[in-house]
Amino acid sequence: MTGIVNINKPSGISSSQAVGKVRRALGERRIGHMGTLDPMGEGVLLMGVGKCTRLFDLFLGKSKTYEASFKFGLTTDTLDITGRILDETSDIPTMSDIEARLSSFIGRQMQVPPQYSAKSIGGRRAYDLARKGLVADIPAAEIEVYGFSLLGAVGENEYMFSVDCSSGTYIRSLCRDLAESLGSLAAMTSIKRTRCGDFYIKDAVSPDEVTPADVIPPSVALAGIPAFHADDALYKKLVNGVPVKTDGVPAGEFALYCRGELLGIAADTERGIRISAYLKEDDA
Numbered sequence: 001m002t003g004i005v006n007i008n009k010p011s012g013i014s015s016s017q018a019v020g021k022v023r024r025a026l027g028e029r030r031i032g033h034m035g036t037l038d039p040m041g042e043g044v045l046l047m048g049v050g051k052c053t054r055l056f057d058l059f060l061g062k063s064k065t066y067e068a069s070f071k072f073g074l075t076t077d078t079l080d081i082t083g084r085i086l087d088e089t090s091d092i093p094t095m096s097d098i099e100a101r102l103s104s105f106i107g108r109q110m111q112v113p114p115q116y117s118a119k120s121i122g123g124r125r126a127y128d129l130a131r132k133g134l135v136a137d138i139p140a141a142e143i144e145v146y147g148f149s150l151l152g153a154v155g156e157n158e159y160m161f162s163v164d165c166s167s168g169t170y171i172r173s174l175c176r177d178l179a180e181s182l183g184s185l186a187a188m189t190s191i192k193r194t195r196c197g198d199f200y201i202k203d204a205v206s207p208d209e210v211t212p213a214d215v216i217p218p219s220v221a222l223a224g225i226p227a228f229h230a231d232d233a234l235y236k237k238l239v240n241g242v243p244v245k246t247d248g249v250p251a252g253e254f255a256l257y258c259r260g261e262l263l264g265i266a267a268d269t270e271r272g273i274r275i276s277a278y279l280k281e282d283d284a
């Protein structure tokens, strides 16, 4: 069994626990998720099945869309409502103030990840250091926000937002930075991933109800990236890992086909086409 499953992770379980549920449901051990959702988070969690676990980097880098609620007036050590309250303020921005500020967050920017994050600091996870009361020096990383809109109020001083962003964007950090720019504090109270690349929550299935019929074939799952069909005469070299030079090869990563068969994800190098992730059916 090889392919991608679009799982709708419920709030309250970790991404690893969701993987365990899918493994049991499908009877397949080779399953891994492609982009962690915090336990409080819900929504789209892509998983690779079989050989498609080799596509982790490809799908991890896809842009994403979230719906998240922020409560103004307090901040916590985790930057979300599950954490310990560190500070509170009575300086609460109005809805119009918030809406007017959102456009300033559109575009490329440097963002500091939360202390409670999976970022590696000196070989250790930042959240491991945070749990011991240590403050890690986490460097800022470049992200891009494509869209940031206010959907409405959902409670006292609490608002729902839609965020369309690059991979690597922390919505908790965006919550923190938005509040700071308004002279206030805020903590994230909910988060739902509604899209990852070309996969949407409307098509996602419960980890408890997934069946083999829900496993999307690699050729379908990769429809959103460029494809290159190599000449049939190059088949033997390609499947044996021999770099091949030929014309018309797309820039960047692409799905490589030969003799009508998907061989894997490849890229054009100085030496020629090289397959980075083999997906060929009879490839062990």
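Mapped onto UniProt numbering, the consecutive letters of the sequence shown carry residue numbers 1 to 284. Here a beta-carbon is modelled for each residue, glycine too, at the ideal position from N, C-alpha and C. Predicted model, so just to flag it, every value in this text is computed and none were measured.
From the DSSP output, in three-state form, read off residue 131 for me. Helix, per DSSP.
Please state the DSSP three-state secondary structure of residue 215. Secondary structure of residue 215 (DSSP, three-state): coil.
Could you tell me if residue 251 is buried or exposed, where buried requires 16 or more neighbouring beta carbons within 10 angstroms of its beta carbon? Residue 251 comes out exposed.
Beta-carbon gap between residue 51 and residue 263 smaller than 8 angstroms: No.
Three or more C-beta pairs below 8 angstroms linking the region 203–215 and the region 12–27: When C-beta atoms of the region 203–215 are compared with those of the region 12–27, three or more pairs fall below 8 angstroms, so the two segments count as touching.
Inspect the CB distances between the region 100–114 and the region 137–149 and report whether three or more fall short of 8 angstroms. A contact between stretches requires three or more CB pairs, one per stretch, nearer than 8 angstroms, and the region 100–114 meets this requirement with the region 137–149.
Which value, in whole angstroms, describes the spacing of the CA atoms of residue 274 and residue 249? When rounded, the distance between both Cα atoms is 11 angstroms.
Residue 19: which of 95, 170, 200, 47 sits nearest, CA to CA? Ranking 95, 170, 200, 47 by Cα distance to residue 19 puts 47 first.
Return the first residue and the last residue of the beta strand (DSSP E) that residue 165 is part of. Run containing residue 165: 158–165, per the beta strand (DSSP E) assignment.
Helix, strand or coil at residue 71 [DSSP, three-state]: Note: residue 71 maps to strand in three-state DSSP.
Which residue wins for smallest C-alpha separation from residue 158, given the options 167, 146, 145, 184? Of 167, 146, 145, 184, the residue nearest in Cα terms is 184.
Within 8 angstroms, do at least three Cβ pairs link the region 83–103 to the region 192–200? Touching, no, given that fewer than three Cβ pairs across the two stretches are closer than 8 angstroms.
Figure out for me which residue from 172, 1, 100, 210 has the closest Cα to the Cα of residue 7. Nearest C-alpha to residue 7: 210.
Going by beta carbon distance, what residues of the same chain come within less than 6 angstroms of residue 30, once the five residues before and after it are set aside? These residues qualify, in order along the chain: 50, 53.
Compute the Euclidean distance between the alpha carbons of residue 243 and residue 59, then round it to the nearest angstrom. Note on geometry: alpha-carbon atoms of residue 243 and residue 59 lie some 24 angstroms from one another.
Please confirm whether residue 277 and residue 55 have their CB atoms less than 8 angstroms apart. Judged by their CB atoms, residue 277 and residue 55 are nearer to each other than the 8 angstroms cut-off.
Determine contact between the region 38–45 and the region 180–194, defined as no fewer than three beta-carbon pairs at a distance below 8 angstroms. Contact between the region 38–45 and the region 180–194 is present, because at least three Cβ pairs lie under 8 angstroms.
With H, G and I counted as helix, E and B as strand and the rest as coil, what does DSSP make of residue 284? Low confidence applies here, because residue 284 scores a pLDDT of 41, under 50, leaving its location unreliable; read the following figure in that light. Residue state for residue 284 is assigned as coil, using DSSP reduced to three classes.
Determine the direct distance from the alpha carbon of residue 123 to that of residue 76, and round the result to whole angstroms. Annotation: residue 76 to residue 123 spans about 25 angstroms, alpha carbon to alpha carbon.
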